[in-house]
Amino acid sequence: MAELKTDHLVLNMGPQHPSTHGVLRLEVVLDGEVVIDVIPHIGYLHRCFEKHCEAMTYPMVIPYTDRMDYLASMYMNFGYVEAVEKLMNIEIPERVKYIRVIMGELQRIASHLVAIGTFGIDIGAFTPFLYCFRDRERILDLFEMTCGARLLYNYMWIGGLSHDLPPMFIPELKSFLKDFRKNIKELNDLLSYNKIFIERTANIGILPADTAINYGCTGPVLRGSGVNWDLRKNDPYSIYDRFDFEVCVGKGEIGTVGDCWNRYMVRVREMEQSCLIIEQAIEQLPEGDVTSAIPKRVKPPVGEIYFRVESPKGELGYHIISDGTVNPFRVKVRAPSFVNLQILPVISKGYLVADIIANLGSLDIVLGEIDR
Amino acid sequence: MGILDKEFTESNIIITKFDDLMNWARLSSLWQMTFGLACCAIEMMATSASHYDFDRFGVIPRPSPRQADIIIISGTVTLKMALRIKRLYEQMPEPKYVISMGSCATCGGPYWNHGYHVLKGIDRVIPVDVYVPGCPPRPEALLEGLLKLQEKIRNESHVKKQV
Amino acid sequence: MTTTEILEILKEKFSVEQFEIQSNIGGEILIVPSNVLLDLCFFLRDDERLAFDSLMNLSGVDLADGEKKKLEDGSFEIVGGHLATYYHLHSFKHNHKLTLKVLLPRENPVVPSVERVWRSADWHEREAYDLFGIVFEGHHNLKRILLPDDWDGYPLRKDYKVQEFYQGMKVPY
Amino acid sequence: MISDQLAEILGNKIIAYLITAAIPLFLFLVPYALYAVYAERKVSAFMQDRIGPNRVGPKGLLQTIADILKLIQKEDIIPKSADKPIFVMAPYVVFMGTFAAFAAIPFSSVFIGSNINLGVFYIMAVSSFSVIGILMAGWAGNNKYSLYGAMRSVAQIVSYEVPALLAIVSAVMVIGTLNLNEISEMQTARFWNWWIFGGPLQGIQKFLLIVPMLVAFVIFFVASLAEVNRTPFDIPEAESELVAGFHTEYTGMKFAIFFLAEYGNMFVVSAISTAIFFGGWQSPFGYLGNSFSIPLLVPIEQVFWFLFKSLSLVLVQMWLRWTLPRLRVDQLMAVCWKYLTPYAFVNLVLIGIISLI
């Protein structure tokens, strides 16, 4: 009898698909349910950020940085303004530094909450997503209180901030942190240590440390693979060297180091660490004027800089080239998700269709940042 | 007729004209397509989440365009994506509605000038019923947009010719 | 390790005269010719003392140092001059950084692909190809990544002119 | 029964049968499904710190009615590349399985569509009819997601039928009848006579039976969750993977019928659990009608208790859906063949031994 011929099935996921986290398109080659290959197609949200930068002045770029990683806008601002300040050699007031850290860490919590919630949806648990959004809403309230915007803030300016903290901010923040600790515990009970959740995520999409480094992965993806690397600790910028916190790495107490569960758990633990940083920052917060160092005219000297910060997704790098005019000559953004997404085909091969979704969720990508 | 009309609008009787009933059914159960593009999609998700709760108005997300009534274009539409959106729109069954959420979807938003790859307004590709301004619109604004759409549906008619 | 010290180590294997150190606000930059780039990158990665195990960023830049030619419709075209690629390397092992810069002629921007050295270069190179038209020789899948396949021109070049229509949709506002 | 009386009035048997058949549909199934969907939305809202539908009618009570009216109005799209006859037929085949099962469900001692001797057997047989419909739907849509959903669904339902039936068989072995009405009648008087507490048996046998019966119920309940495609076994329509699974291509009323069938199925499996393990239509404390000597009240009470118990089980299904993540397809099969089926066999043997004592 002649052997039965079989063919691979090509499944097209996205750009509209409930769990591609935006407008990512995946071309999945399948043998039954087993994944032979995954080819990500990006660019469905290419908004020409880098072209805009060349046409705008330095301060005008800030709102566009907001719109790159729209889940972590504060951090996008943070990286950009610090880079320009370095380029111009501006010394900013102490209070500004502390407020930036507080905002940055709050944003990290908010971003991780979305990552965790949507990961829950990918696995099939809908309720944790809403719990995460409930907590995130309180962080957004804090931001709104400060600068009036919920999602895209344009809060950090070159040399300072747009507004000082309102008087009620610190007490509200304290009460949020108090409640949030409890909610993390609830989240752990509901999702992190759920038997089905563990079955679905542990030992799935294992990413060895050396592969992660070679592929340029950073942030929770790299730390999930057990590499103790956090720019806040290892290459401190701003005032992160003044705080006492722990770098969370995947320990592999459930599953293997580098699997989806460990990547997920790194985020949960990082939220706790962020709370710690914020608490320390509140205690040390000095008085002062937040707008005093804002330059009248932003015109950096000829030169270039590659400045990187640890955004919630990983290493966010700004490569800014200045030709001495008020417009940046070139701004290239090293977006963490852009690099992290490359790993998806590597960790998905040989697993099942459902595992692609789990892997993608555990990478926590944002398309705005990938396509820019 | 006039007396009866008043009777129906003012008192809480459920029996009403056929048109009104059908319109009422459509406006009360606008199933939304799970479809987000960019920043506004996050606000759209926030609108569906606990704090604002889209479900109150009968809006539930459906992953398949075949079962959806409204598509909320939430975010920047790029040229690469525009054709896909058009196809998605065509896959939806009539009657279907479009909410253009945020300034990017409405007119290109901040990307209107130098955005070589951005479509300047989704209305160049598919017809839009309600525009919601903002960058991004707050969830309240999206809810307002939904109420406006409901108002629009309420005045539609199966029988009468639309002008 | 500073760039000068790294250059000392590189002396062992390469003729250093072809390298040039450019001083700069954000750290020194090592300008290298494109023909030794691949060997250099392998060496930088594999040498124990350097161990640059990760490519953090790869940027393409249009230096626009050529001659500007006005066209009839008011736009301009750049003839001659250079494009450049930047490689921001980083070592997890020693925690030091290095920036490489390769100058490429604008008319024929060809540079060896470092994808085989660091896999993270894959998409970065595709992006540079997409937006600048820099050709990376030896790349396994050099296609447009952000823009659609049938797009005209390289948008981030300084003399880029937006096309009027794309598949029937008007592009400018 | 009712159909005979109708036949006398109308003079035509077929019309009479058709009318009788439609009664449960309009009297019970459609309103139930509508309000089950409403309840589902309210339950999920309650669990997620939300309010849920509250704008349409008082407390949102008319929400699902609006939904169904809207679905009727929707354009009925049949994709060009679809296999048209099969595509059109599929939802009705799925629904038929569910609907036919209602015939043998004992709502009370007098209200039962067909008091056949093979009730349990009949329901299990007829409800697996929906597999064919699902496969038809998945195939005819000519959509890869649909096909995946259908294939998964078929594999899942066919597999889970084994532990479900084994669990029922083990119970039926002690019970000694397949007639659902008789089973319900047996568990009379007080709730300790329910089969989940060992049934109306006497002495040591009753106490020995408690654990195996509980196990049988749990196995049946888990397997039935899988049969009706509910979380954690909802992989055939797994939203995050397969968009909407086998009904991806369906619009309007056809989609509504799938929905109706799904909620109908949820009730059918709950009804079987109720009839076999939880005393069927029997009241747990005795009847008010008997104590006040109003015999007419008893059947109504029976209907109440039956619905109460079944709907509680439906609520449990909803509760599980909004709490648990979803299993993967291979894990699903592993749960079935590596755990549930062997346990069901062991349980069968145990119950067999106990019933010999």
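Note that the protein sequences, when read in sequence, are chains A, B, C and D. For the first sequence, this note's numbering puts the final residue at 392, and the numbers step up evenly by one. For the second sequence, this note's numbering puts the final residue at 404, and the numbers step up evenly by one. For the third sequence, this note's numbering puts the final residue at 324, and the numbers step up evenly by one. For the fourth sequence, this note's numbering puts the final residue at 370, and the numbers step up evenly by one. Beta carbons are placed, not taken as given, at the ideal position from N, Cα and C, and that holds for glycine.
Is there at least one Cβ from chain D nearer than 8 Å to residue i's Cβ?
i, result
"Thr276(A)", "no"
"Ile377(A)", "yes"
"Gly343(B)", "no"
"Glu335(B)", "yes"
"Arg395(B)", "no"
"Ile256(B)", "Here Ile256(B) scores only 44 on pLDDT, less than 50, and its place in the model should not be relied on; the value that follows carries that caveat. No, no contact with chain D."
"Gly299(B)", "yes"
Is the CB-CB distance between residue i and residue j below 8 Å?
i, j, result
"Asp279(A)", "Asn223(A)", "yes"
"Tyr293(B)", "Pro380(B)", "yes"
"Gly334(A)", "Pro306(A)", "no"
"Met333(B)", "Pro306(B)", "yes"
"Ile314(B)", "Met342(B)", "yes"
"Leu293(C)", "Arg270(C)", "no"
"Leu360(B)", "Val318(B)", "yes"
"Ile233(A)", "Ser264(C)", "no"
"Lys319(A)", "His339(A)", "no"
"Asp80(D)", "Ser270(B)", "yes"
"Leu251(C)", "His233(C)", "no"
Within 8 Å of any Cβ in chain C, is that where the Cβ of residue i sits?
i, result
"Gly34(A)", "no"
"Pro365(A)", "no"
"Phe358(A)", "yes"
"Pro332(A)", "no"
"Tyr213(A)", "no"
"Leu107(A)", "yes"
What does a CB cutoff of less than 7 Å around residue i pick up in its chain, not counting 5 residues either side in sequence?
i, result
"Arg120(A)", "Phe98, Met176 and Ser258"
"Ala202(C)", "Ser242, Lys244 and His245"
"His28(A)", "Val49, Leu50, Asp51 and Ile56"
"Glu102(A)", "Tyr257, Ser258, Phe327 and Val329"
"Arg154(A)", "none"
Excluding the 5 residues flanking residue i on each side, which residues of the same chain have their C-beta closer than 6 Å to its C-beta?
i, result
"Thr288(B)", "Phe295, Pro380 and Leu383"
"Arg252(A)", "Tyr260 and Glu330"
"Val366(B)", "Ala323 and Lys327"
"Ser195(A)", "none"
"Leu160(A)", "Arg170"
"Lys402(B)", "Because the pLDDT of Lys402(B) is 48, which lies under 50, any placement of that residue in the model is unreliable, and the number read from its coordinates should be weighed accordingly. Here the set comprises nothing."
Would you please verify whether the beta carbon of residue i is less than 8 Å from any beta carbon of chain A?
i, result
"Leu329(B)", "yes"
"Gln318(C)", "no"
"Leu5(D)", "Because chain D spans 14 through 370 in this model, residue 5(D) falls outside it and cannot be assessed."
"Tyr324(C)", "no"
"Val359(B)", "yes"
"Pro306(C)", "yes"
Spatial neighbours of residue i within its chain, please: C-beta separation below 8 Å, excluding the five flanking residues on both sides.
i, result
"Pro315(A)", "Met108, Ile110, Ile178 and Gly179"
"Asp250(A)", "Arg243, Val267 and Glu330"
So, under 8 Å CB-CB, residue i and residue j are touching, yes? Tell me the CB distance rounded to an integer number of Å.
i, j, result
"Ile363(A)", "Cys237(A)", "6 Å"
"Gln344(D)", "Arg243(D)", "That pair is no contact at about 16 Å."
"Trp294(D)", "Ser197(D)", "5 Å"
"Met274(B)", "Arg303(B)", "6 Å"
"Glu10(A)", "Asn208(C)", "With chain A covering only 21 through 392, there is no way to say anything about residue 10(A)."
"Val261(C)", "Arg196(C)", "About 22 Å separates the two Cβ atoms, so there is no contact after all."
Does any residue of chain B bring its CB to less than 8 Å from the CB of residue i?
i, result
"Pro184(C)", "no"
"Val313(C)", "yes"
Near-chain D residues of the segment 226-242 of chain A - C-beta to any C-beta below 8 Å: none
Members of the segment 259-284 of chain B near chain D, C-beta cut-off 9 Å: Leu262, Met263, Trp265, Ala266, Arg267, Leu268, Ser269, Ser270, Leu271, Trp272 and Thr275
Contact list for the segment 307-325 of chain B against chain A, Cβ threshold 7 Å: Thr317, Thr319, Lys321, Met322 and Arg325
Contacting positions in the segment 43-70 of chain A - beta carbon closer than 7 Å to chain B: Val43, Gly63, Tyr64, Leu65, His66, Arg67 and Cys68
Residues within the segment 54-68 of chain D neighbouring chain A, beta-carbon criterion of under 8 Å: Ser57, Met60, Gln61, Asp62 and Arg63
Proximal residues, the segment 156-180 of chain D versus chain A, C-beta separation under 7 Å: Lys157
Residues in the segment 188-213 of chain C having any Cβ partner in chain A nearer than 7 Å: Asp204, Ser205, Leu206, Met207, Asn208, Ser210 and Val212
Cβ-based contacts, 9 Å cut-off: residues of the segment 270-285 of chain C near chain A: Arg270, Ser271, Ala272, Asp273, Trp274, His275, Glu278, Asp281 and Leu282
Short-range partners of chain D found in the segment 141-154 of chain A, where Cβ spacing is below 8 Å: Ile141, Asp142, Ile143, Gly144, Ala145, Phe146, Thr147, Leu150, Tyr151 and Arg154
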